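Working notes for the structure below.
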Amino acid sequence: MFNKNFIVICLSSMIAAFPPMIVVLLGGIITSKIMLKDSLATLPMTLMIIGIALSAPIASKLMSIWGRKKGFIFSSFLSTFALLLCSLSIYNQDFIIFALGNFLIGSSQAFSNQYRFAASESVSNEYIPRSISIILLLGIISALLSTNFSEYFKDYFPNYLFLGSYIFLSITAVIPIFILLLYDENVNTKNKSKFQFKTIVSLIKNIKILQAIISAGFGYFIMAIIMTATPLHMHLVNNFTLFQTSIVIQFHVIGMFLPSLFSGDLVKKFGNTNIIYSGVIILFMSIIINTSFDFYYSYLLGLILLGIGWNFLFVSGSSLLVVSYEEKDKFTAQGLNDFIVFSTQGIGALSAGFLLYYSNWKILNILCIPLLIIVALVSFRASKKSI
Numbered sequence: 037m038f039n040k041n042f043i044v045i046c047l048s049s050m051i052a053a054f055p056p057m058i059v060v061l062l063g064g065i066i067t068s069k070i071m072l073k074d075s076l077a078t079l080p081m082t083l084m085i086i087g088i089a090l091s092a093p094i095a096s097k098l099m100s101i102w103g104r105k106k107g108f109i110f111s112s113f114l115s116t117f118a119l120l121l122c123s124l125s126i127y128n129q130d131f132i133i134f135a136l137g138n139f140l141i142g143s144s145q146a147f148s149n150q151y152r153f154a155a156s157e158s159v160s161n162e163y164i165p166r167s168i169s170i171i172l173l174l175g176i177i178s179a180l181l182s183t184n185f186s187e188y189f190k191d192y193f194p195n196y197l198f199l200g201s202y203i204f205l206s207i208t209a210v211i212p213i214f215i216l217l218l219y220d221e222n223v224n225t226k227n228k229s230k231f232q233f234k235t236i237v238s239l240i241k242n243i244k245i246l247q248a249i250i251s252a253g254f255g256y257f258i259m260a261i262i263m264t265a266t267p268l269h270m271h272l273v274n275n276f277t278l279f280q281t282s283i284v285i286q287f288h289v290i291g292m293f294l295p296s297l298f299s300g301d302l303v304k305k306f307g308n309t310n311i312i313y314s315g316v317i318i319l320f321m322s323i324i325i326n327t328s329f330d331f332y333y334s335y336l337l338g339l340i341l342l343g344i345g346w347n348f349l350f351v352s353g354s355s356l357l358v359v360s361y362e363e364k365d366k367f368t369a370q371g372l373n374d375f376i377v378f379s380t381q382g383i384g385a386l387s388a389g390f391l392l393y394y395s396n397w398k399i400l401n402i403l404c405i406p407l408l409i410i411v412a413l414v415s416f417r418a419s420k421k422s423i
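Numbering (the working numbering), first residue to last: 37 to 423.
In structure tokens, the structure reads:
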């Protein structure tokens, strides 16, 4: 399993994941504290998510023409450029340039998100779930390294807080280019077939592909809407401290990525559909806890379960997708999947504040239940179809 290509993909993907971690950590702080636009504090992360969703089909198409190697190298250059734009915006306190930089970080991540597919192509079919889960697990290392780097270099330019962080990270964004020089391009990673609407229709008619997209997409929506709403509800409504709220979010992130130590092996042993069912049950448990209790440790447990449930749906959905399409349709299927999945993430994140304002925390959670039922029903239909 751990061949040269897979190791190259792992190392490159780990470093390529630095920029989005920084957007989540610093985007709102820089917008609010440096550019003095409190009302737009969530816009940088929103623009990054929009950049991912809109660029996903483009990234997939360019990958089909250039191949994985050139596509990932291009994403590194784009990421470096985006981080330098953000650096320039901090220096000039220009919010428009900062917003553009965050959107372009999202665009570069549309390419980087395909590292999980490249990983699955580097191993035999039996190791596909494990390869995808390892790529997700490396997200923990990315988060730790990027946040520590940003903290260490934040005061490098005394008059420009965080300028040093972005400049340093723009340098790290170049590193994958040199690592990828060791990547051996497989002729099967290039496919110059033209986009055809009937291909999209045929893919959606494939019940396994539909199951994969719905599982990962709805899982991302539920995770995004509850995760985004949690700090707002805890801090603004229930008056928990920022420290208490941040601990809950940190444990949630651990819940998202740490299960990747074993979720790939669980998929291999029990099958994608059974792990999807498990993810649905875990997310149901999260919602029950969120709506039934209202104390600190209930939020902590609910958000940990939210992360684990998301991991199960995303890993099983992604690995199911890889084994469900024909080779000639893989880039179209991957682009369609990422466009839908990351669009639902954006919709979830954007709608969290709206639903909290016009309804309440319990209703926001309850509205996620029909989506879980749909995931379970589609999975049941797919399992019956394959018999």
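Think of the CB as a built atom: it goes at the ideal place given N, C-alpha and C, for glycine as much as any other residue.
Since this is a predicted model, take the numbers as computed values, not measurements.
Report the CB separation of residue i from residue j in whole angstroms; it is logged as a contact under 8 Å.
i: residue 148; j: residue 42; result: At roughly 16 Å, the Cβ-Cβ gap does not stay under 8 Å, so residue 148 and residue 42 are not in contact.
i: residue 340; j: residue 287; result: 5 Å
i: residue 343; j: residue 289; result: 7 Å
i: residue 284; j: residue 336; result: 5 Å
i: residue 151; j: residue 249; result: Wrong, their Cβ atoms sit about 19 Å apart, outside the cutoff.
i: residue 182; j: residue 141; result: No, residue 182 and residue 141 are not in contact; Cβ-Cβ is about 12 Å, not under 8 Å.
i: residue 218; j: residue 40; result: 7 Å
i: residue 360; j: residue 190; result: Actually they are not in contact, since the Cβ atoms of residue 360 and residue 190 sit about 45 Å apart, beyond 8 Å.
i: residue 135; j: residue 56; result: No, residue 135 and residue 56 are not in contact; Cβ-Cβ is about 15 Å, not under 8 Å.
i: residue 216; j: residue 322; result: Residue 216 to residue 322, Cβ: 38 Å. No contact.
i: residue 379; j: residue 89; result: 4 Å
i: residue 139; j: residue 84; result: 7 Å
i: residue 260; j: residue 145; result: At roughly 15 Å, the Cβ-Cβ gap does not stay under 8 Å, so residue 260 and residue 145 are not in contact.
i: residue 120; j: residue 206; result: 5 Å
i: residue 345; j: residue 318; result: 4 Å
So residue i is in the alpha helix (DSSP H); what residue range does that whole segment cover?
i: residue 264; result: 243-268
i: residue 55; result: 54-65
i: residue 404; result: Element bounds for residue 404: n/a, residue is neither H nor E.
i: residue 157; result: 151-157
i: residue 296; result: Looking at the DSSP string, residue 296 is not in any alpha helix (DSSP H), and its letter there is neither H nor E.
Exposed or buried, residue i, counting other C-beta atoms within 10 Å across all chains shown (16 or more means buried)?
i: residue 254; result: buried
i: residue 37; result: exposed
i: residue 351; result: buried
i: residue 496; result: An answer regarding residue 496 cannot be provided, because it is not within the stretch 37 to 423 covered by the chain.
i: residue 366; result: buried
i: residue 104; result: buried
i: residue 129; result: exposed
i: residue 311; result: buried
i: residue 101; result: exposed
i: residue 157; result: buried
i: residue 301; result: exposed
i: residue 395; result: exposed
i: residue 267; result: buried
i: residue 257; result: buried
i: residue 377; result: buried
i: residue 237; result: exposed
i: residue 281; result: buried
i: residue 153; result: buried
i: residue 374; result: buried
i: residue 277; result: exposed
i: residue 406; result: exposed
i: residue 212; result: buried
i: residue 416; result: exposed
i: residue 348; result: buried
i: residue 163; result: buried
i: residue 54; result: buried
i: residue 295; result: buried
Could you check what DSSP says for residue i in three-state terms: helix, strand or coil?
i: residue 77; result: coil
i: residue 372; result: helix
i: residue 72; result: coil
i: residue 415; result: helix
i: residue 395; result: coil
i: residue 309; result: helix
i: residue 277; result: coil
i: residue 167; result: helix
i: residue 38; result: coil
i: residue 160; result: coil
Checklist line | Whole runs of the alpha helix (DSSP H) within the segment 171-226, excluding any shorter than 4 residues | finding: 199-208, 211-216
Item checked: beta strand (DSSP E) segments (min. 3 residues) lying fully within the segment 100-149 -> none
Next item on the list: Scan the segment 327-373 and note each continuous alpha helix (DSSP H) run of 4 residues or more that stays entirely inside, going in chain order.
Entry: 332-358
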